[in-house]
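Residue numbers (the working numbering): 967 to 1203.
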């Protein structure tokens, strides 16, 4: 049964990628594939309760034939791009409940959940989720960044500024690990009207972009905080 369902999942995921090339996008194929994946996991866990306890174990158990993690990332991207915020929120909650997340933090999924809540106008719920997330992972740049966004959205500028000051000091450099934090700091200082600090943050972002451009041998387009968060998002007052 399990092998048959994996083949079914493979066919459905292929249909998903084929659908992306069509003029008319039909999200239902993505939802069907996700339902198949959930059913497969549940069946396997009836026989082996520890089956796929961590997300990465699904690919290991199938010798990486189906790229489950890659497909799930694409699924979340597709729901975000199609602005299916309710469905995106539902998927994020299911994924967070489906696995243990003891060996790897689901920061990307949590960040997407907060973004979806913001797009749905549920800023207070997003703020509460971030509060708990930051308590659990105080060193997560994703948790800090999401917390600053939600603080801005609920007009708690004191909290937003406090978090920025806690995680970005004068000597802090913008790197691959924290560039999203610098992006939201730039958004905050723009809203707060502090042009001097915004220019300082923007300069560090620009310096980082130049380094990346030199490394890649080409220039890259700067990605500001609002683009990261998404149009119609939590910062769309």
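For glycine and all other residues, C-beta sits at the position ideal for the given N, C-alpha and C.
Query: Residue 1112 beta carbon less than 8 Å from that of residue 1077; Result: yes
Query: Nearest-angstrom Cα separation, counted from residue 997 out to residue 1152; Result: 37 Å
Query: Where the alpha helix (DSSP H) through residue 917 begins and ends; Result: Since the first residue of the chain shown is 967 and the last is 1203, residue 917 is not available in this structure.
Query: Span of the alpha helix (DSSP H) around residue 1005; Result: 994–1013
Query: Simplified DSSP state of residue 1023, which is helix, strand or coil; Result: helix
Query: Exposure of residue 984, with buried meaning 16 or more beta-carbon neighbours within 10 Å; Result: exposed
Query: Residue interval of the alpha helix (DSSP H) (run including residue 1120); Result: Neither: residue 1120 is in no alpha helix (DSSP H) and is coded neither H nor E.
Query: The stretch 991–1009 in contact with the stretch 971–983 per 3-pair CB rule at 8 Å; Result: yes
Query: Burial state of residue 1185, where buried means 16 or more other Cβ atoms lie within 10 Å; Result: Because the pLDDT of residue 1185 is 45, which lies under 50, any placement of that residue in the model is unreliable, and the number read from its coordinates should be weighed accordingly. Its Cβ having fewer than 16 others within 10 Å, residue 1185 is exposed.
Query: Contacting residues, own chain, Cβ-Cβ under 6 Å from residue 1101 (five flanking each side not counted); Result: none
Query: Short Cβ contact (8 Å threshold) for residue 1096 with residue 1120; Result: no
Query: Secondary structure of residue 1051, DSSP reduced to three states; Result: helix
Query: Closest residue to residue 1123 among 1098, 1135, 1156, 1143 (Cα-Cα distance); Result: 1156
Query: Residue 1067 - containing alpha helix (DSSP H), residue span; Result: That residue, residue 1067, is in no alpha helix (DSSP H); it is neither H nor E in DSSP.
Query: Cβ pair residue 1082, residue 1058 closer than 8 Å; Result: yes
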